[in-house]
Amino acid sequence: MEREHAQVSASIGGKSVLLSEPYEAEESGFIGREAELSTLAAAWIGGREAMPLAPLLLGEPGVGKNRLVYELARRTRRPLFIFQGHEDVTAEDLACAVRFSDRDASKMDYVASALVTAMHLGGICFIDEIGKIRPRALALLVSVLDERRYIDSVLLGARVRAHPSFRFVAATNTADLEGNALPEFIRSRTRPVIKVGYPQREEIERIVESRLPRLAEQARPLLDRFWGLWEQLPKHGEDLQSPTPRDAIYIFSLAASLADYDALGGGKAAREATADHPFPIDQSGAASSVGERHLEQAFRELYWDQLDRA
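So the sequence shown is numbered by this note's numbering: it starts at 410 and just counts up by one.
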């Protein structure tokens, strides 16, 4: 069951502004990445002699950049506010928005962005896929990422200063950085660049076992079959691209769902479903056995295009 949050307001620039809600990641075992986590934590240490840095996480999609941020937010007990980057973001989107009020449809509410909320409360602002945001919008970040530690919002008509506990981190995909998507005025301020590479085979296996404990005794033969299937994919360049944690979790999750589907009656049950007796898609058959055929089917469904080229 999701937790409900009453939206909190604060006075910013003499205006009553609704604050963004923090993201609360589910607690799950964090595996590996201690070197990257240590670098990120060290970069955030600030005091009278040093300003906290604004690291940039760099890596391929699915390697675990976001989970690094979630884990450090948990370990530092700081509220985490996430802004999702995309090409239509404007500078003011990074600061504040307006919407029709829930209390009075004839009035408008100011709504602080994830960035402004984190600055005001002293939390963490995480801009995901910062490389997708256009340079004109990113210009707003220049002053908050150096010693000034503030932004100017046209909509609020105010200068928003960062709380001393405010911390910033961003992430981008390797292709966006190599394609010079990030302007130099942001690249020079988002340091250090922390490279998040593909995890080792042992880490992938531990992640799968942690996220899908129902596999239990079946895990070893299924993991062996997974690696065998992965090696059948066409090579990218000289070496076969390693799977990301996201790849592995998607494959094993779909395999488990296919096992549940069979346990619930499969195609026959789905065909015979009615409005009075719907197919129970919310019912997890955790006790159902995941077999190699389910894993192979999941692999075909998710990677059919690459297998066709193999």
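Just so you know, even glycine gets a beta-carbon here, dropped at the ideal spot from N, CA and C. Since the model is a prediction, treat every value here as computed from it, not as a measurement.
Check	Outcome
C-alpha distance - ARG508 paired with SER425, whole-angstrom precision	13 Å
MET517: first and last residue of the uninterrupted beta strand (DSSP E) it sits in	517-521
Buried or exposed by the 16-neighbour rule on C-beta atoms within 10 Å, applied to GLY675	exposed
Distance between GLU556 and ARG598 (C-alpha atoms, nearest Å)	10 Å
Simplified DSSP assignment, three categories, for VAL472	coil
Contacting residues, own chain, Cβ-Cβ under 7 Å from PHE688 (five flanking each side not counted)	ALA678, ALA679 and ALA682
Best match in GLU496, GLY455, LEU467 and GLY456 for proximity to GLU445 [C-alpha to C-alpha]	LEU467
Same chain, Cβ closer than 6 Å to GLU438, five either side skipped, listed in chain order	Per the sequence shown, the amino acid found at residue 438 is Gly instead of Glu. SER619.
CYS505 to GLY637 span [Cα, whole Å]	50 Å
Residue burial classification, VAL472 (beta-carbon count within 10 angstroms, cutoff 16)	buried
Rounded C-alpha distance that separates LEU550 from PHE492	13 Å
Contacting residues, own chain, Cβ-Cβ under 7 Å from VAL563 (five flanking each side not counted)	GLU501
Buried or exposed (CB count within 10 angstroms, at least 16 for buried), HIS703	buried
Any 3 or more C-beta pairs closer than 8 Å across the region 474-492 and the region 422-436	yes
Three or more C-beta pairs below 8 Å linking the region 564-573 and the region 615-634	no
Length-filtered (3 minimum) beta strand (DSSP E) runs lying within the region 583-623	602-604
Distance between GLU710 and LEU465 (C-alpha atoms, nearest Å)	34 Å
Helix, strand or coil at THR581 [DSSP, three-state]	strand
Pairwise C-alpha distance: ALA707 and LEU462	42 Å
Helix, strand or coil at GLN416 according to DSSP, with G and I counted as helix	coil
For ILE421, the three-state DSSP class (helix, strand or coil)	strand
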